[in-house]
Each structure stands twice: as structure tokens, then as C-alpha cells.
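**Student:** Encoded as C-alpha cells, here's the structure I'll be asking about.
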Amino acid sequence: MAQEQGRGDEAMEVVGWDGGAEGQELDTEFQTGDCLEVEFEDDEAPDDDGVDDMGDEEVGVIPESEIYSDEEVGATTDDALAKVVHEDSVLSVAICPTDRSILLTGGQDDSAVLWSIEEKDGSLRCSQRCRLQGHTDSVVEVAFSTDGAYAATASYDGTVRIWNSGDGSLVQHLEGPSKEIEWILWHPKGHAILAGSNDTMAWMWWAPSGKVMQIFAGHAAGVTCGCWGLGGKVVVTGSEDHGVIVWNPRAGTPQHHIREVHESSIISICSHPESPIVVTGAEDATAKILQIETGKVLEPLPGHIDSVEAVAFSNAPPKSTLLLATGSMDGTVQIWDAKSMDLRCTIKDHFEKGGIVKLKWLPGSTFGNWFCTCSTDKTLRLFNGLSGDCQRTLQGHSETVLGLDLSLGEVNGKPQLVVASASEDRSSRIFVVALWTAGAEVATCGVSPTGGYSLPGLPTASYGLPSPALQATGAGLEAPKETSQQTATPTASPGEPATPAGPGLSPSSMPV
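Residue numbers for the sequence shown follow the UniProt record's numbering, beginning at 1 and rising by one.
Structure representation (C-alpha cells):
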């Protein structure tokens, strides 16, 4: 339920969805465990009755009542259309941004796996594509590069490994940190990758060559979170030392070292998509706004009573209200107007059931003010950020859901959202939600409590479309000159990395 605090844009309604793939163009400004089983359900979903045209400004999800009856919804409901299983907790999951048929998982069983998601006879099926071997401790985070060319895995063994997303071959083994890696983050426009370690430093490598680009040393404790700011022109890190450092990635030096931003460890951070500000969340139950250019703490965002585990800005369409979400272990999500920083609403759907572990806004502009949460209450929930209303609860896990990823695309002109989850119950599950837009025919499939999936009229393998050829040219953060053999694939066919082009790395080649 959502408690309204203010009015802004007219609330958007929500309803359901299905599966498809979406290509992604790069901004040419910057390019340079063992798995025990694979399970899927073949039961057919009940027919959908359809909904009426809802008007020009409405978008939504097909209501659960039109997909299955109240009797079918219960504690044992499994909305997942497919799942894969590790030997221990699945800690992280990622969907390839240019080919939705490729899934990557990392687990506490020290393994990472590339999976293929295929549509066959109206059902989704997952099969192991390649097991990514080499880590000797838990794989805590996995991520694809923005162009989908590379997959990265980060481990508590203190290393990051770079893989070819297409065939799973090892491209580079990135070393340097003396303690556990806590997180990784690709540059939004290229193949530089950033990592935070418990050795008090953040590290930046050029992934295709494995060259260390910068070591950011300045924190007094583990670097628990980080983000790119100003479109990738600065690096911002948060730490267990309660402080935030804004870095110049060209020089590797701090522009601002803001001490004691919080009273305890900082655990989440995000940057505004347009303005020079970042938002941090901490164990002290507060979120705070910082100005990157001045290093000043602008104001706190009060209201939570437990650690703020997730902070994120929405992908708002032009002329729409940009939103900020803060998610807490107290089970609430607060939605803020990103311009005025006024509280719009407090969402309590997880309240008294479990805490918020992570949240993520949907990509694109049509559904850019919707977001999905995962929780210790074993569920994922899809929300309309403008109204605060919960549009869908995704059930199936038996333990805490630790991570999620989203992919939004179209099949036959119908928007469809894929939600991939990672859980302590050793599984990653695939959920498909049928969305609608005004004037469009209602999608004919949705979430089924039995895991069944019906795609009448859709061509085979429409779930994952081929990824476009990748081009790595242009200015910005560029590849270092090679003094050793280059491992990356020299050609750019779908699913394969392109050889980065451009002059060698020097301080002047970094974005400013």
C-alpha cells in the first residue's frame, strides 16, 4: 500500500507481461558453482480475458485476476517460468543488455555460469551455456558491459574475471586487490570496469587488455559502494569509514574527500542522471544528498528506521517527473521528487514482512517510472513509482531474494518485461510480466502460478533477438596501448567483443 505525501504527475496505472529482446546502441562519444539442475515448467497458463483500452497516458500490467483465480494464489505459488540452480546461494544475476537469451549468475559455491534462455513449444527453458571456472571464493557480483560484449565476475578471492559473453572464453584475469572484491561497475559508455575492495581501495582496469588504469587510494576502510558521476566523467566511492570521495579518473586523485557523511558504514550510492549530485544510503538509516562539484552535503532524506540498502534515480521520460527511490531494511521504499527532494509517498508493501535488499528502475522511458524490489520476505514486487501502487508480486523463492536484473523489450509490438532473480534458496528464477500501453492490443500471456507459459502466435525464439554488431570507435575513455598479446576477439559479430580502437591511455585520454 502507498501513503500519498504529495501530488505531482498524474498517477500511472499498471497491469502485466511476456518476453522479447531489445538491441542497444552505444553512445559513440565513449567507445573505445557447479549447477545441480536446470528446471522449468511446461504447464500452460490459463487464457487471458483481455482488458479495455485505458487511454493515452496509461500503461500497465495485466491483472493477476485475469491470469489465475484467487484459489490458485498462495504461499506455494511459483510465478517463475524457468529457474536454474547452484550448489549454494545465488548472490548475483545479470541479463545481457543486447541479447535477452543470455543470463549470467554468480554464487556462494564459487561458480559463475552463462545460461541460454530459449522459448520452445510455448515454454521458457534454461540450459547451461558455459560454466565460468577459476574463482576460488564466492562470486559476489556479475555484470555485462553496456554493449553486451563482455561479462565480468567479481569474487571474494580478490579478483575480477572478464569473459566473452558469446562463448564464455576467458578474456582477462584482473588482479591487484589484496582483499575481497565487494562490487563491480562497468563504465556506461565503454570497457573500463571499476571495482571496490575491502583493501580500502577502488580499482579501475581496461577490461580487454587487463591493464590497471587507476588505483583510487584514500579511504580508511573497505570501499563498499561506488558509481560513475557526470555521465562517467568522475568516480564516486563510499566506504565503511563513513566517508565519500569524488575522484578524477584521469589523474586518480581525489577532487573532494567528504568525511563523516554518515554516522556508520555507507552501503549504497547513485548519481543523478543530469545534475552533479549523488545520493548515499547508510546503516544509520539515512540517505543524504551530496554535490559533486563542491563536495558539500546538501541535505538528509529522513524517514527510514533501518539501514538504507538501495538508492536509485528513475529512468523518467522527457518532461516527466524524475524520481528517487530509497529502499530500507525496515521494509519501506520512499519515493522522492528528484528536483525538489520532496517526499511523494512511502511504500509499505514489504513492511512487517521483510526488508528491501535491492531495487531497480525499469529501463526506457515508457515504463521508466516503474521499479522492482527484492526482499528478505522472499518476493519481488513491481511498483508504479508515480502512484506508489504495487502492480505485481512475484513469488516462488523460499529464502531471501538477494538480487535482480530487468530487461524490457517487445514481441510483436507488445512490451514485455523479464525479471531475473538471485536467492539464498540456491536458485535464479525467470519471471515474465505482460505490460500494456494505451491503444495496444493486450498481450495474451502473463505470470502463471504453475509456471506455465503460453505465447500464442509468437515465433520460435522470439524471446531473445540477435544482438547488433558492436562498434568500438570514438572519443572518451580509450584503450591503453598494448605491450602484451591482446585477448579480445578482433571482429564484431553478435555476442562477441569488438576490438577497442583509439589511441593509447594517457591522462589526457580520460574524460574530464
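Here a beta-carbon is modelled for each residue, glycine too, at the ideal position from N, C-alpha and C.
1) Comparing C-alpha positions only, which one of Thr321, Gly168, Cys390 and Ala310 sits nearest to Ser268?
2) Indicate the three-state DSSP secondary structure (helix, strand or coil) for Met329 in the structure shown.
3) Excluding the 5 residues flanking Thr146 on each side, which residues of the same chain have their C-beta closer than 7 Å to its C-beta?
4) Mind checking Pro300: buried by the 16 CB within 10 Å criterion, or exposed?
5) I think His191 touches Pro177, with their Cβ atoms under 8 Å apart; what is that distance to the nearest whole Å?
6) Among Ala82, Ile95 and Ile102, which has the Cα closest to the Cα of Ser123?
7) For a cutoff of 8 Å on Cβ pairs, would you count Pro302 as touching chain B?
8) May I ask you to report which of helix, strand or coil DSSP gives Leu230?
9) Once you ignore the five residues that flank Ser398 on each side, which residues in its own chain have a CB closer than 7 Å to its CB?
10) Classify Thr98 as helix, strand or coil using the three-state DSSP reduction.
11) Taking contact to mean 3 or more Cβ pairs, one atom from each stretch, closer than 8 Å, check whether the stretch 361-377 and the stretch 397-414 are in contact.
12) Where do the N-terminal and C-terminal ends of the beta strand (DSSP E) with Thr393 fall, by residue?
13) Less than 8 Å between the beta carbons of Gly222 and Ile258, yes or no?
14) Is the separation between the beta-carbon of Ala316 and that of Leu359 shorter than 8 Å?
15) Going by C-alpha to C-alpha distance, which of Val171, Pro415 and Pro254 sits closest to Gly210?
16) Taking the CB atoms as reference points, tell me whether Trp183 and Ala154 lie closer together than 8 Å.
17) For His262 and Lys288, which I take to be in contact (beta-carbon distance under 8 Å), what is that distance rounded to the nearest angstrom?
18) In angstroms, rounded to a whole number, what distance separates the CA positions of Leu435 and Ser89?
19) Indicate the three-state DSSP secondary structure (helix, strand or coil) for Gly196 in the structure shown.
20) Let's see if you can read the secondary structure: which residues bound the beta strand (DSSP E) around Glu118?
21) Where in the stretch 222-274 do unbroken runs of the beta strand (DSSP E), each at least 3 residues long, occur, reported from the N-terminal end onward?
22) For Trp228, which residues of its own chain have a beta-carbon under 8 Å away from its beta-carbon, when the five flanking residues on both sides are left out?
23) Looking only at its chain, what residues have a beta carbon closer than 8 Å to the beta carbon of Gly226, apart from the 5 residues adjacent to it on each side?
24) Assuming Ala420 is part of the beta strand (DSSP E), what are its boundary residues?
25) Just the C-alpha distance for Val433 and Pro254, rounded to the nearest angstrom, thanks.
26) Rounded to whole angstroms, what's the CA-CA distance from Ala217 to Gly231? Just pull it up for me.
27) Taking just the CA atoms, how far does Gly327 sit from Gln334?
28) Leaving aside the five residues before and after Thr332 along the sequence, list all residues of the same chain whose C-beta is less than 6 Å from its C-beta, in chain order.
29) Is it right to say Glu283 is buried, meaning 16 or more other beta carbons lie within 10 angstroms of its own, or is it exposed?
30) Mind checking which residues open and close the beta strand (DSSP E) that includes Ala154?
31) Relative to the C-alpha of Gly368, which residue among Asp99, Tyr156 and Lys319 is closest?
**Tutor:** Concretely, from the data shown:
1) Among Thr321, Gly168, Cys390 and Ala310, the Cα nearest to that of Ser268 belongs to Ala310.
2) Three-state DSSP puts Met329 in coil, outside helix and strand.
3) Once the five neighbours on either side are set aside, the close Cβ partners of Thr146 are Leu26, Pro97, Trp186, Pro188 and Lys189.
4) By the Cβ-count criterion, Pro300 is exposed, with fewer than 16 other Cβ atoms from all chains shown falling within 10 Å of its own Cβ.
5) Taking a contact as a CB-CB distance under 8 Å, the pair His191 and Pro177 does not count as one, their CB atoms being some 19 Å apart.
6) Taking the Cα of Ser123 as reference, the smallest distance to any Cα among Ala82, Ile95 and Ile102 is reached at Ala82.
7) In the structure shown, chain B does not exist; there is a single protein chain.
8) Leu230 falls in the coil class under three-state DSSP.
9) Result list for Ser398: Lys378 and Asp425, in chain order.
10) In the three-state scheme derived from DSSP, where H, G and I count as helix and E and B as strand, Thr98 is classed as coil.
11) They touch, by the three-pair rule.
12) Here the beta strand (DSSP E) through Thr393 covers Cys390 to Leu394.
13) Not in contact: Gly222 and Ile258 (Cβ atoms no closer than 8 Å).
14) Taking 8 Å as the cut-off, the beta carbon of Ala316 is found no closer than this to the beta carbon of Leu359.
15) When only C-alpha atoms are compared, the closest one is Val171.
16) Going by C-beta atoms, Trp183 is nearer than 8 Å to Ala154.
17) 7 Å between Cβ atoms; contact.
18) So the alpha carbons of these two residues sit roughly 30 Å apart.
19) If DSSP states are grouped into helix, strand and coil, Gly196 belongs with the strands.
20) Run containing Glu118: Ala112 to Lys120, per the beta strand (DSSP E) assignment.
21) As far as the stretch 222-274 is concerned, its whole beta strand (DSSP E) runs of at least 3 residues are 223-229, 234-239, 244-248, 253-258 and 266-271.
22) If we look at Trp228 and ignore the five residues flanking it on each side, its Cβ neighbours are Leu185, His187, Pro188, Leu194, Val234, Val235, Val236 and Ser271.
23) If we look at Gly226 and ignore the five residues flanking it on each side, its Cβ neighbours are Trp183, Leu185, Leu194, Gly196, Ala202, Val235, Val236, Thr237, Gly238 and Ile269.
24) Looking at the DSSP string, the run of the beta strand (DSSP E) that includes Ala420 is Lys414 to Ser423.
25) Across the structure, Val433 and Pro254 are spaced so that their CA atoms are roughly 44 Å apart.
26) The alpha-carbon of Ala217 is positioned some 22 Å away from that of Gly231.
27) So the alpha carbons of these two residues sit roughly 7 Å apart.
28) The residues are Thr346, Lys348 and Phe351.
29) Around the beta-carbon of Glu283, 16 or more other beta-carbon atoms lie within 10 Å, marking it buried.
30) For Ala154, the enclosing beta strand (DSSP E) starts and ends at Tyr150 to Ser155.
31) Here the closest residue by C-alpha is Lys319.
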